[in-house]
Amino acid sequence: MTKIKTQTISPQNENILIRLKRVESQFGYIPEESITEVAQSLDLPVSEIYGVATFYSFLATKPLGRNVIWVCQNLPCHLKHAEITIDNLERTLGIKPGETTSDNKFSLELTNCIGACDYAPAMLINRDLHGNLTPNKISQILKLYK
Amino acid sequence: MAEVKVTINGAQTSGREGVTILELAQENGIKIPTLCYLTELSPTGACRICIVEVEGSRTLVGSCHTPITPGMIIQTHSPKVLATRKVIIELLFASHCGFCMLCNKANVCNLRELAADLDVGLSPFQTRKRFYPIEDNPYIQIDRTQCILCRKCVRACREIAENGILGIAYRSFDTKIVIDNDQPLAQDTCRDCDICISVCPTGCLSKPKKLSAAKTGKPLIIC
Ligand code: FES
Ligand code: FES
């Protein structure tokens, strides 16, 4: 008999991500009220659901712009100077990570490894992968998005 | 229930099936340091300070959440274990701000006590520090700059107090203890159950001390 207590490891926890994803696809992000609703429906504390929602880069807890840029900030990309990419995007768009441009065109987000280390430094815009980024390339890429 | 035979620090001993290495060590009078473990709470293995060497295991294992298995050969204080524990404390100190000398809870702080035991001085790892404003209400003061993310308060709030107010949110360097969905600490967020304060291993959670606010009547003037 193992003595691992199960209060925080229950089968309900498996449903959290599925439910949060569903909420996100409905509203485009996860509103505060939905976090409370999900918590109530699973009989879990709000803080637990909020913790899960904020942990994942691909779950948004605030409204995003029409196009979302996720720049990878993990080690391989970091070693290939991801900060230049981030800096460049910040200056071109005039926003910081976590923010959205005033015309609602772009949101800038940071993410963990997106599995494109061989193209480092890499970023995702919506579902498109862009790698081997250079400042020149970035301004070309941004033009592709309306 | 089946008895499991193991060797711990060279001595043969046995324990009930399912007990953790830590529990067995305690039964045998061996003291393994812990920061995130508490008998009453579910184990999370967050702090890693309780690591021990198990023969045949590729890595050091967390003793607070690893059950004993037949024939295990365990070393709780080998040079490798001690050196690793020291680095763990140094890493915890890397982003921990504040000086023990100025901390109200220094005398009851498990982190400071362990640092002294393991001979840890200034951390050789220098990184950004976590700065957060101190929050308080009449019942509790939260100083997140001292937090080592052991999650004891979160579990105590859920499992003992059965409130679930405290949680842990965000990721990597931004990870912090939050109230519900990151609400500011309000007057009525917490009542005076004090359970989280009593389990906090550092100076993060404490009773608020308001020296001047409690003053009533005329000021005392001594000539
Ligand atoms: S680290 Fe950037 S894609 Fe893997
Ligand atoms: S006490 Fe075992 S990991 Fe913290």
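In order, the protein sequences belong to chains A and B.
Here the first sequence is numbered in the working numbering, starting from 7 and rising by one per residue.
Here the second sequence is numbered in the working numbering, starting from 184 and rising by one per residue.
For each residue, glycine too, the CB sits at the ideal point set by N, CA and C.
Worksheet entry | Unbroken alpha helix (DSSP H) run spanning glutamate 296 of chain B, endpoints | For glutamate 296 of chain B, the enclosing alpha helix (DSSP H) starts and ends at 293-300.
Discussion item. For glutamate 115 of chain A and arginine 354 of chain B, I'd like the C-alpha separation in whole angstroms.
Written reply: Spanning the two alpha carbons is a distance of roughly 13 Å.
Practice prompt. Indicate, with yes or no, if ligand 1 has a heavy atom lying under 8 Å from the CB of isoleucine 120 of chain A.
Written response: Result yes, Cβ under 8 Å from ligand 1.
Fill in: Environment of arginine 25 of chain A [buried if 16+ CB atoms lie within 10 Å]
Buried, because 16 or more other Cβ atoms sit within 10 Å of the Cβ of arginine 25 of chain A.
Practice prompt. Please name the residue or residues paired with serine 389 of chain B in a DSSP beta bridge.
Written response: Residue pairing by DSSP places serine 389 of chain B opposite B/Gln324 in a beta bridge.
Discussion item. For cysteine 219 of chain B and alanine 266 of chain B, I'd like the C-alpha separation in whole angstroms.
Written reply: Cysteine 219 of chain B and alanine 266 of chain B: Cα-Cα distance of roughly 19 Å.
Worksheet entry | For valine 189 of chain B, the first and last residue of its enclosing beta strand (DSSP E) | Per DSSP, valine 189 of chain B belongs to the beta strand (DSSP E) from 186-191.
Practice prompt. Say whether chain A places a C-beta atom closer than 9 Å to the C-beta of isoleucine 215 of chain B.
Written response: Chain A contact via Cβ: absent.
Worksheet item: Would threonine 203 of chain B be called buried (16 or more neighbouring beta carbons within 10 Å of its own) or exposed?
Response: Result: buried.
Worksheet item: Does the Cβ of isoleucine 251 of chain B lie closer than 8 Å to at least one heavy atom of ligand 4?
Response: Looking for ligand 4 in the displayed structure turns up nothing; the ligands present are ligand 1 and ligand 2.
Worksheet item: Along the region 340-356 of chain B, what residues have a CB closer than 7 Å to any CB found in chain A?
Response: Listed in sequence order: Arg341, Glu342, Gly347, Ile348, Leu349, Gly350, Ile351, Ala352, Tyr353 and Arg354.
Worksheet entry | Interface flag, aspartate 363 of chain B vs chain A, CB-CB below 9 Å | At a cut-off of 9 Å between C-beta atoms, aspartate 363 of chain B counts as an interface residue with respect to chain A.
Practice prompt. Kindly say whether valine 244 of chain B, judged by its beta-carbon, lies nearer than 9 Å to any beta-carbon of chain A.
Written response: The Cβ of valine 244 of chain B sits no closer than 9 Å to any Cβ of chain A.
Worksheet item: Leaving out the 5 sequence neighbours to the left and right, which residues in its chain are closer than 8 Å to leucine 105 of chain A when beta-carbon positions are compared?
Response: Here residue 105 of chain A is glutamate; the residue named in the question, leucine, does not match the sequence. Excluding its 5 nearest sequence neighbours in each direction, glutamate 105 of chain A has C-beta neighbours in its own chain below 8 Å: Ser113 and Leu114, listed in chain order.
Practice prompt. Could you have a look at arginine 354 of chain B and say whether DSSP puts it in helix, strand or coil?
Written response: The answer is coil: DSSP assigns arginine 354 of chain B none of H, G, I, E or B.
Worksheet item: Between asparagine 211 of chain B and alanine 352 of chain B, what straight-line distance do the alpha-carbon atoms span, to the nearest angstrom?
Response: Each residue's CA atom was taken as its position, placing asparagine 211 of chain B and alanine 352 of chain B some 38 Å apart.
Worksheet entry | Test: lysine 235 of chain B CB closer than 9 Å to a CB of chain A | For clarity, residue 235 of chain B is valine in the given sequence; the question names lysine instead. It does not: the Cβ of valine 235 of chain B has no partner Cβ on chain A nearer than 9 Å.
Practice prompt. Please go through the same chain and pick out, in chain order, the residues whose beta-carbon is closer than 8 Å to the beta-carbon of threonine 117 of chain A, but skip the five residues on each side of it.
Written response: Excluding sequence neighbours, threonine 117 of chain A sits near Ser63, Phe64, Trp76, Val77, Cys78, Gln79 and Leu130.
Discussion item. Just to confirm the assignment: which complete beta strand (DSSP E) runs, minimum length 3, are found wholly within the region 38-97 of chain A?
Written reply: With a minimum length of 3 residues, the continuous beta strand (DSSP E) runs that stay inside the region 38-97 of chain A are 73-78.
Worksheet item: Alpha carbon to alpha carbon, what distance is there between isoleucine 213 of chain B and asparagine 346 of chain B?
Response: Rounded to whole angstroms, asparagine 346 of chain B to isoleucine 213 of chain B spans 34 Å at the Cα level.
Worksheet item: What three-state label does DSSP hand arginine 241 of chain B in the structure shown?
Response: Three-state result, arginine 241 of chain B: coil.
Worksheet item: Can you tell me whether methionine 284 of chain B is buried or exposed, with buried defined as 16 or more other CB within 10 angstroms of its CB?
Response: With fewer than 16 other Cβ atoms within 10 Å, it is exposed.
Practice prompt. Identify, in the order they occur along the chain, each residue of the same chain with its Cβ nearer than 7 Å to the Cβ of alanine 344 of chain B, setting aside the five sequence neighbours on each side.
Written response: The residues are Cys376 and Ile378.
Discussion item. Would you say the beta carbon of arginine 231 of chain B is closer than 8 Å to some non-hydrogen atom of ligand 2?
Written reply: True, at least one ligand heavy atom lies under 8 Å from that Cβ.
Item to complete: Run down chain E in chain order and give the residues with a C-beta less than 7 Å from the C-beta of valine 44 of chain A.
Response: The structure shown contains no chain E; its protein chains are A and B.
Discussion item. Based on DSSP bridge pairs, tell me the residues matched to methionine 129 of chain A.
Written reply: Note: methionine 129 of chain A sits in a beta bridge opposite A/Val77 and A/His136.
Discussion item. Contact between the region 298-307 of chain B and the region 355-373 of chain B is defined here as three or more beta-carbon pairs at a separation below 8 Å; is this criterion met?
Written reply: No: the two stretches stay apart, fewer than three of their Cβ pairs being nearer than 8 Å.
Worksheet item: Ends of the beta strand (DSSP E) at valine 361 of chain B?
Response: 359-362 is the span of the beta strand (DSSP E), which, as asked, contains valine 361 of chain B.
Worksheet item: Within 9 Å (strictly less), CB to CB, does asparagine 132 of chain A reach chain B?
Response: With 9 Å as the cut-off, asparagine 132 of chain A does not count as an interface residue toward chain B.
Practice prompt. Examine ligand 2 and report whether any of its heavy atoms sits within less than 8 Å of the Cβ of lysine 316 of chain B.
Written response: First, the residue type needs correcting, since residue 316 of chain B is proline and not lysine in the sequence shown. In terms of side-chain proximity, the C-beta atom of proline 316 of chain B is found no nearer than 8 Å to any non-hydrogen atom of ligand 2.
Item to complete: Measuring only between beta-carbons, confirm whether valine 337 of chain B sits less than 9 Å from chain A.
Response: Residue-level contact check: valine 337 of chain B touches chain A, since one or more beta carbons of chain A fall below 9 Å from its beta carbon.
Worksheet item: By a C-beta neighbour count over all protein chains shown, 10 Å radius and 16 as the cutoff for buried, is arginine 241 of chain B buried or exposed?
Response: Result: exposed.
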